[in-house]
Amino acid sequence: MSGFIVFFARFLPELLRGAGLTILLTAEGLAAGFILGLLSALARVYGDKFWRGLAVGYIELFRGTPLLVQLFLIYYGLPGLGITLSRGLSAFLALGLNSGAYQAEYLRGSIIAIGDGQMMAGRSIGMSRWKTIWYVILPQALRLAIPAWSNEPVSLLKSTAVVFLIAVPELMAKAKSIAAETYDPIGTYLAVAIVYLAVVYLLDAFLRRVERLSRIPGFETEGKKA
Amino acid sequence: MPDPILEARSLTKIYGQNVIFKDINIKVTEGETIVIIGPSGTGKSTLLRCMNLLTGVDGGQVFLDGKEITAKGYNEDEVRQHIGMVFQNFLLFNHLTALGNVMIGLTKVKKMPREQAKEKAMEELKRVGLADRADHYPGQLSGGQQQRVAIARALAMDPRVMLFDEPTSALDPELIGEVLGVMEKLARDHMTMLVVTHEMGFAREVADRIIFMEKGSIVEEGAPDDLFDHPQHNRTREFLWKITELYGKKEKEKAGKS
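And the structure:
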């Protein structure tokens, strides 16, 4: 046990550097995915046939295939079409596109839950459709989405581990090289697990805080206490 | 007869095979309160929604101040600023306070500066007796209070005419009075109103004209006393008889008190 603590302490700075990149990849993927997801959700709920179809196609494609396959298609596949992207950009694209498909579904659910009534009320005072979406539907739908959506940052953070396969030096890649160097895979992967766990814990605490701060009296998303 | 503010000319609405209403003609003139009564499912609510273009029409025209708003390419968003609407289930914006609900149309549609919008919104809340609830969210208000905020939200836009779609049907009996009270005050202040309701006491006391609608057409219309005391059609008589039997007791009690 004390041997592990020494080991952990020795490689912690290296692992934290990897964790830094992991967090950055998560944040970027989440942000890109949020924009894509929001647009796709809006297209599915309010769009005409063309936009609905486009959104459904995108969501099904990226939810229906493994992230690793998407990553390899972008990094190894696109050069065949004359598009060569850096490792970092490929990782960002794969994570963003993948996350967007999931976020679209979370957001779509809560937009639908807000209902036609709010749209009708917005239109009745002379707001356009887009104004009503922006000022009435989304402020409510986004709040409503938080509990279910909170799953996505954590899930995406763990998914970033696959990008070590195209040699992006994130947490998992660091672990791989430490394990190779020390011949101690158990210690290494245990240490990595602890770092992932710590980051997820902090992320969860942050998300719960956001949920609490955005709460509106009488518009609770938690189940009513019977 | 002065020019009507809001007018429906042979308005028709069809859903698939179902004719919701057909050839409806209504003229609402300035300061007039018209109450539409009739059995449920006769297209009264849909008619109101067609009058402010929330629902498309399948025939006929709607005019606001003499201009045909059902004409192709007419700016519906602009039109609705001038036609206030109050819904059966209030439909307040749940993420905004009472004040925020009344202000949002002023700031986002009329582009009024915030301070000025706030002042105006407070005035409208005062008008419905809820200035002290300005910073409450809809979830913290009773149904009656929510509906009064909804009325204030519509009034804030300074509409030419107000449409009420069964404004008290979703309320507990003890909360109906406060909403009808606000509407009576509006009528006294000569707000132009078109009201769909089952509140026969309100209809009789406040309406200038009553329209009885059944199965998608206007059966009879007239002054309240004429319609209630001497209905010309059997169907009107039957409906009034049924509804007064249901509500009559309550209305008598109310009349006794005032």
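As you go down the protein sequences, you meet chains Z and W in turn.
So in the numbering used here, spot 38 of the first sequence is number 38, and the numbers just go up one at a time.
Throughout, the numbering used here is defined as the position within the second sequence, counted from one, plus 1000.
By construction, the Cβ of each residue, glycine as well, lies at the ideal position given by its N, Cα and C atoms.
- Among the residues of chain Z, those whose CB is under 9 Å from the CB of Ala1154 (chain W) are Ser124, Ile125, following chain order.
- In this structure, Val200 (chain Z) keeps its C-beta atom at 9 Å or more from the C-beta atom of Val162 (chain Z).
- Where Pro1004 (chain W) is concerned, the enclosing beta strand (DSSP E) starts and stops at 1004-1015.
- Within the segment 134-155 of chain Z, contact with chain W at the beta-carbon level (separation under 8 Å) is assigned to Tyr135, Val136, Pro139, Gln140, Arg143.
- Judged by DSSP secondary structure, Met120 (chain Z) falls within the alpha helix (DSSP H) whose first and last residues are 116-124.
- Contact between the segment 102-122 of chain Z and the segment 85-92 of chain Z is absent: fewer than three C-beta pairs spanning the two stretches fall below 8 Å.
- In the DSSP assignment, Arg1133 (chain W) falls outside any alpha helix (DSSP H), carrying neither H nor E.
- Residues of the same chain with a CB within less than 6 Å of the CB of Ile74 (chain Z), apart from the 5 flanking positions on each side, are Ser90, Leu93, Ala94 in chain order.
- Of all C-beta pairs linking the segment 1089-1101 of chain W to the segment 1132-1144 of chain W, three or more are shorter than 8 Å, placing the two stretches in contact.
- At least one CB atom of chain Z sits nearer than 9 Å to the CB of Pro1138 (chain W).
- The three-state reading of DSSP puts Met1193 (chain W) in strand, counting E and B together.
- Using a CB distance below 7 Å, the part of the segment 1107-1137 of chain W facing chain Z consists of Lys1108, Val1109, Tyr1137, ordered along the chain.
- In this structure, Phe1087 (chain W) sits away from Thr1046 (chain W), with a CB-CB distance that is not shorter than 9 Å.
- For Gly1105 (chain W), the chain Z residues whose Cβ falls inside 8 Å of its Cβ are Ile125, Gly126, Met127, in order along the chain.
- For Glu1030 (chain W), no alpha helix (DSSP H) encloses it, and the DSSP letter there is neither H nor E.
- Remark: C-beta atoms of Glu1221 (chain W) and Val1196 (chain W) do not approach each other more closely than 9 Å.
- Short of 8 Å from the beta carbon of Ala43 (chain Z), and not among the five residues preceding or following it, lie these beta carbons of its own chain, in chain order: Trp51, Arg52, Leu54, Ala55.
- Taking the Cα of Ile194 (chain Z) as reference, the smallest distance to any Cα among Z:Phe206, Z:Pro169, Z:Lys158 is reached at Z:Lys158.
- For the C-beta of Gln103 (chain Z), not a single chain W residue is nearer than 9 Å; the gap to the nearest is close to 20 Å.
- Residues of the segment 25-48 of chain Z that bring their beta carbon within less than 7 Å of a beta carbon in chain W are absent altogether.
- Straight-line spacing of the CA atoms in Asp48 (chain Z) and Met1157 (chain W) works out to 31 Å.
- Judged by DSSP secondary structure, Glu1220 (chain W) falls within the beta strand (DSSP E) whose first and last residues are 1217-1222.
- Between Gly1201 (chain W) and Glu1178 (chain W), the CB-CB gap reaches or exceeds 9 Å.
- Shortest Cα-Cα distance from Met1193 (chain W) to any of W:Met1112, W:Ile1211, W:Leu1163 involves W:Leu1163.
- A distance below 8 Å between beta-carbons, with the five flanking residues on each side excluded, links Ile216 (chain Z) to the following residues of its chain, in chain order: Arg143.
- Within chain W, the residues Asp1077, Lys1108, Val1109 have their CB atoms less than 9 Å from the CB of Lys131 (chain Z), given in chain order.
- Assignment of Asn151 (chain Z) by DSSP, reduced to helix, strand and coil, places it in the helix class.
- In terms of Cβ geometry, Val168 (chain Z) and Leu25 (chain Z) form a close pair [threshold 9 Å].
- With respect to chain Z, the C-beta atom of Met1085 (chain W) has a partner C-beta closer than 9 Å.
- Residue contact check for Gln118 (chain Z) against chain W: a CB pair falls below 9 Å.
- Three or more Cβ pairs closer than 8 Å define a contact, and the segment 1053-1068 of chain W meets that threshold against the segment 1006-1021 of chain W.
- For the options Z:Gln103, Z:Asp116, Z:Leu38, Z:Gly80, the alpha carbon positioned closest to that of Leu1092 (chain W) is the one of Z:Asp116.
- Assigned with DSSP and collapsed to three states, Asn1075 (chain W) falls in coil, not helix or strand.
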